[in-house]
Amino acid sequence: MTAVPLPPFPRPLRRLSVDASPIADFATGLLAASARLDDTGELARGAGRLLDWVGVAAETYRGLLAPYGHRADAMSLALRGVARRVDDHGDRMARLRAELDDLGAANRALVDETFVLVDDVRAFHARESLLGAAALAELRHRSADLTRRVHALDARQDRWWTRVGAEEQAMIDAFTRVLEVEQAESRYGGAADPADAALATRPGPDAGPGEVLAWWRGLTRAQRLALVAAAPGAIGDLDGVPAVDRDAANRVRLSRDLATLRHLEDLGQLTLRERETLDNAEAVEEALDRHSHDVDAHGHRVPVLLWIYDPGAYVQDDGGVDGRVAVAVGDPDTADAVAINVPGIKTEADDIGTYTDRAWELHQAATTADPDRDYASIAWIGYDAPAEVDGVDAARTAASAGAAHHGGALLAESIDGLRAVRGSDADIVPIGHSYGSVALGAALSEHHVDVDRAVAVGSPGLGEGIDDVGDLDVPRGQLYVGQNHDDAVAGLGQNGALGLGGLGHGQDPADDGFGGVRFQANAGPGHDDHSGYYDNDSESLHNLGEILAGHDPTLAGSVHDPWWGPALDPEDQAPSDLYDTDGDGDTDGIPRR
Amino acid sequence: MTELAVSYEQVGRAARAWDEQHVDLVAASTQVADAPPLGFSPRVAVVALLFRLRWAEHLSDLGEESEVRADGLRDALRDYLDSDETSVVASWLLQGLLEEHR
Numbered sequence: 003m004t005a006v007p008l009p010p011f012p013r014p015l016r017r018l019s020v021d022a023s024p025i026a027d028f029a030t031g032l033l034a035a036s037a038r039l040d041d042t043g044e045l046a047r048g049a050g051r052l053l054d055w056v057g058v059a060a061e062t063y064r065g066l067l068a069p070y071g072h073r074a075d076a077m078s079l080a081l082r083g084v085a086r087r088v089d090d091h092g093d094r095m096a097r098l099r100a101e102l103d104d105l106g107a108a109n110r111a112l113v114d115e116t117f118v119l120v121d122d123v124r125a126f127h128a129r130e131s132l133l134g135a136a137a138l139a140e141l142r143h144r145s146a147d148l149t150r151r152v153h154a155l156d157a158r159q160d161r162w163w164t165r166v167g168a169e170e171q172a173m174i175d176a177f178t179r180v181l182e183v184e185q186a187e188s189r190y191g192g193a194a195d196p197a198d199a200a201l202a203t204r205p206g207p208d209a210g211p212g213e214v215l216a217w218w219r220g221l222t223r224a225q226r227l228a229l230v231a232a233a234p235g236a237i238g239d240l241d242g243v244p245a246v247d248r249d250a251a252n253r254v255r256l257s258r259d260l261a262t263l264r265h266l267e268d269l270g271q272l273t274l275r276e277r278e279t280l281d282n283a284e285a286v287e288e289a290l291d292r293h294s295h296d297v298d299a300h301g302h303r304v305p306v307l308l309w310i311y312d313p314g315a316y317v318q319d320d321g322g323v324d325g326r327v328a329v330a331v332g333d334p335d336t337a338d339a340v341a342i343n344v345p346g347i348k349t350e351a352d353d354i355g356t357y358t359d360r361a362w363e364l365h366q367a368a369t370t371a372d373p374d375r376d377y378a379s380i381a382w383i384g385y386d387a388p389a390e391v392d393g394v395d396a397a398r399t400a401a402s403a404g405a406a407h408h409g410g411a412l413l414a415e416s417i418d419g420l421r422a423v424r425g426s427d428a429d430i431v432p433i434g435h436s437y438g439s440v441a442l443g444a445a446l447s448e449h450h451v452d453v454d455r456a457v458a459v460g461s462p463g464l465g466e467g468i469d470d471v472g473d474l475d476v477p478r479g480q481l482y483v484g485q486n487h488d489d490a491v492a493g494l495g496q497n498g499a500l501g502l503g504g505l506g507h508g509q510d511p512a513d514d515g516f517g518g519v520r521f522q523a524n525a526g527p528g529h530d531d532h533s534g535y536y537d538n539d540s541e542s543l544h545n546l547g548e549i550l551a552g553h554d555p556t557l558a559g560s561v562h563d564p565w566w567g568p569a570l571d572p573e574d575q576a577p578s579d580l581y582d583t584d585g586d587g588d589t590d591g592i593p594r595r
Numbered sequence: 033m034t035e036l037a038v039s040y041e042q043v044g045r046a047a048r049a050w051d052e053q054h055v056d057l058v059a060a061s062t063q064v065a066d067a068p069p070l071g072f073s074p075r076v077a078v079v080a081l082l083f084r085l086r087w088a089e090h091l092s093d094l095g096e097e098s099e100v101r102a103d104g105l106r107d108a109l110r111d112y113l114d115s116d117e118t119s120v121v122a123s124w125l126l127q128g129l130l131e132e133h134r
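Sequence lines, in order, name chains U and F. If you're matching positions, the first sequence starts at 3 in this note's numbering and goes up one per residue. If you're matching positions, the second sequence starts at 33 in this note's numbering and goes up one per residue.
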């Protein structure tokens, strides 16, 4: 029998258990702690020095304070450096883990080929006299080739493992280099903080988002990263700073707030204001997490970014706070179309979970409408919506336009910020629901904003004096209106020239004299008449998705109010159609998960 | 109020600021101590755990120093109020700053 040398099997792969997500969380915790240290150092360098205080006690105090501040600054820089290294480590190990998957696939393929060769060699030996020298040469050639490739794969595995070891060692070195305070002081004592120079050149409070963006782009990467850690409050809500950087800064603020406020809660020392600030922060934490494992119609995870974070904003008469927050589903920096969803009366920051769900549903609907485009959908609780009150006061509050004017100004600033970062590369589409449409009306009528389309759903009118789409700063034919025929709030707007007037906020945008494009948005069975416009698989959500995607929605007739009789709504008898808005293959109204 | 009292009011407010630093740094210490070193490979996780333990202590120590600093400033304020040169008005105004805020 003629021998065919068989190739070796490739060496079994080693296991590598790493997960970048909890590593990133660990890094964020360290960054938040470093931000605290930075505050301590700043107090020691600034107001805490008490330069007006003189005398022996004062000199003694300042003498002890200087090294303390020096130490706090060094510790801040050291912890920040480790946090950044941890973040990089998570990314690098994730890439190495992905390479291991490739190595595993190559390993399995070679093992399979070896088994096939063994079978072929057995078959050759069984019929050697018939198959002859050519078959033998072919088997030997295959064996030699396999042997060469197995050795190559083994060498690749060795190199990969060496890189894993080097990366692990580098991370270990980063930890151990500053394990003790003395090491941190020796390494970072007296070092300049890149954040300080960056902050010194920051544009003033009157600067527009374009100026802010130019400043941000002019910073070095080290300066930007330093600002995120040392001064997250200075950039987290700053219009003109890109969304991913705002998110990074705001997550540091969130982590820091949660740590401090939970600590005070444990001590039983929370004031009402702090209690409600903590409630808002915890609602944000939960909202950021609730869709982190969901996938879109492509099967892809969608980034969720913290775009505005001020959980202690809007102090109320009772000492509590409403908060100001916004969460983006999808990346506004890269999306082809960005929706800003403006909610209505009673909305507070601790509702952000519900509104993030709505933003998610809209993101899904647009992705289903046109899967070739990317979207971002922002849950924007960015103004102080009128508070929840009951009875007659509720009607009065809803009728008051003051909050809408203020909200309109803030909404215009957010739109300007997005436009500054994106230029003409993205469609910007604000969507106002209920009282939020009044804020939208204020933004579009009292400020010069650059939007591609605008939508009002469940609107009681866009504001007193806004009688026609021509009163709004929106391109011709691009003001869309969704109104469920049974929606009592949407019925408050004035119809016709002689309509009720007074109960809502001006002319009904669904009126045929207004000039908006009305789309089908009837609520089906089981859907709330006023709050169901973002419901999964509904015709309203389907059409919102089409509009965000840049398509024409399914049109509905406008309300007509003849002077001799009551207003006529052609949607009164129209059915509510169902659509597969999340691309999950059904219209059961249950969101894709 | 005398010029001296103005500066002592600043002393009292600084004491409160150091109280806040104490709370914040102890909270940061707890945050670091509670951060699970998950996701790391076993070789790195051991060192991450050690780092976490040491830095939770460092932050706590720094926070305690803040508290000592705040107490020291309040002691200075007390000495001033006990002295003969303090006016009634100044005493009344500064009294509230002697209490620990947190």
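Think of the CB as a built atom: it goes at the ideal place given N, C-alpha and C, for glycine as much as any other residue.
Item                                                                                                                                                                                                      : Value
Expressed to the nearest angstrom, what Euclidean distance is found between the alpha-carbon atoms of Ala59 of chain F and Asp296 of chain U?                                                             : 32 Å
Output, in chain order, the set of chain F residues within a Cβ distance shorter than 7 Å of Thr178 of chain U.                                                                                           : Val79
Going residue by residue through the stretch 410-489 of chain U, where are the continuous alpha helix (DSSP H) segments of at least 4 residues, counting only ones entirely within it?                    : 437-448
Please tell me whether Ser39 of chain F has its Cβ less than 8 Å away from any Cβ of chain U.                                                                                                             : yes
Let's see if you can read the secondary structure: which residues bound the beta strand (DSSP E) around Ile383 of chain U?                                                                                : 377-383
Under 8 Å between C-beta atoms, does Arg48 of chain F make it to chain U?                                                                                                                                 : no
Check for me: the beta strand (DSSP E) holding Asp333 of chain U runs from which residue to which?                                                                                                        : Looking at the DSSP string, Asp333 of chain U is not in any beta strand (DSSP E), and its letter there is neither H nor E.
On the criterion of 16 or more Cβ atoms from any shown chain inside 10 Å, does Arg75 of chain F qualify as buried, or is it exposed?                                                                      : exposed
Can you give me the Cβ contacts of Gly393 of chain U inside the same chain, cut-off strictly under 6 Å, excluding the 5 residues immediately before and after it?                                         : Below a pLDDT of 50, predicted positions are generally treated as unreliable, and Gly393 of chain U, at 46, falls in that range; the measurement from the model is reported next regardless. Hits under 6 Å: none found.
At what residues does the alpha helix (DSSP H) containing Asp114 of chain U begin and finish?                                                                                                             : 58-128
How big is the Cα-Cα spacing for Val391 of chain U and His407 of chain U?                                                                                                                                 : In this prediction, Val391 of chain U scores a pLDDT of 49, lower than 50, which makes its location untrustworthy; the coordinate-derived value is nonetheless stated afterwards. Taking the straight line from one Cα to the other gives about 20 Å.
Do the stretch 78-96 of chain F and the stretch 564-582 of chain U touch if we need at least three Cβ pairs shorter than 8 Å?                                                                             : no
What's the gap between the Cα of Phe11 of chain U and the Cα of Thr149 of chain U?                                                                                                                        : 8 Å
What's the C-alpha gap between Gln225 of chain U and Ile433 of chain U?                                                                                                                                   : 36 Å
Measuring CB to CB, does Val431 of chain U end up less than 8 Å from Val451 of chain U?                                                                                                                   : no
Could you tell me which whole alpha helix (DSSP H) segments of length 4 or greater appear in the stretch 255-322 of chain U?                                                                              : 274-292
Going by DSSP, what residue range makes up the beta strand (DSSP E) through Arg520 of chain U?                                                                                                            : 519-521
Name the residue from U:Leu132, U:Ala172, U:Val120, U:Asp156 whose alpha carbon lies nearest to the alpha carbon of Arg142 of chain U.                                                                    : U:Val120
Pair every Cβ in the stretch 69-76 of chain U with every Cβ in the stretch 109-125 of chain U, then say whether three or more of these pairs are closer than 8 Å.                                         : no
Near Gln480 of chain U, what residues of its chain come up, given a Cβ to Cβ distance below 6 Å and the 5 sequence neighbours on each side ignored?                                                       : Arg455
Roughly how far, in whole angstroms, is the beta-carbon of Gly484 of chain U from the beta-carbon of Ala523 of chain U, given that I think they are within contact range, below 8 Å?                      : 3 Å
Starting from the C-beta of Gly419 of chain U, find all residues in its chain whose C-beta is less than 6 Å away, skip the five residues before and the five after it, and write them out in chain order. : Pro211, Asp241, Gly242
Just to confirm, is the Cβ distance from Asp584 of chain U to Gln366 of chain U under 8 Å?                                                                                                                : yes
Can you tell me whether Trp218 of chain U is buried or exposed? The criterion is at least 16 other CB atoms within 10 Å of its CB, across all chains shown.                                               : buried
By DSSP's criteria, Asp513 of chain U is part of a beta bridge. Which residues make up the other side?                                                                                                    : U:Val561
If we count Cβ pairs, one from each stretch, closer than 8 Å, do we get three or more for the stretch 29-38 of chain U versus the stretch 75-88 of chain U?                                               : yes
Less than 8 Å separating the beta-carbons of Ser447 of chain U and Leu474 of chain U?                                                                                                                     : yes
Just to confirm, are Ala569 of chain U and Gly498 of chain U a CB contact at a threshold of 8 Å?                                                                                                          : yes
What residues are listed by DSSP as bridge partners for Leu580 of chain U?                                                                                                                                : U:Ser540
Would you say Asp392 of chain U reaches chain F, if we count a Cβ-Cβ gap shorter than 8 Å as a contact?                                                                                                   : Interpretation of Asp392 of chain U is limited by its pLDDT of 46, a score under 50 that renders its predicted location unreliable; the figure taken from the coordinates is listed afterwards. Not an interface residue.
If we count Cβ pairs, one from each stretch, closer than 8 Å, do we get three or more for the stretch 347-367 of chain U versus the stretch 378-391 of chain U?                                           : yes
Are three or more beta carbon pairs between the stretch 246-263 of chain U and the stretch 228-235 of chain U nearer than 8 Å?                                                                            : yes
Which same chain residues, not among the five before or five after Leu8 of chain U, have their C-beta less than 8 Å away from its C-beta?                                                                 : Thr116, Leu119, Val120, Val123, Ser145
Among the residues of its own chain, which have a CB less than 7 Å from the CB of Glu267 of chain U, if the five just before and after it don't count?                                                    : Leu280
Could you tell me whether the stretch 43-52 of chain U touches the stretch 152-168 of chain U, where touching means 3 or more Cβ pairs closer than 8 Å?                                                   : no
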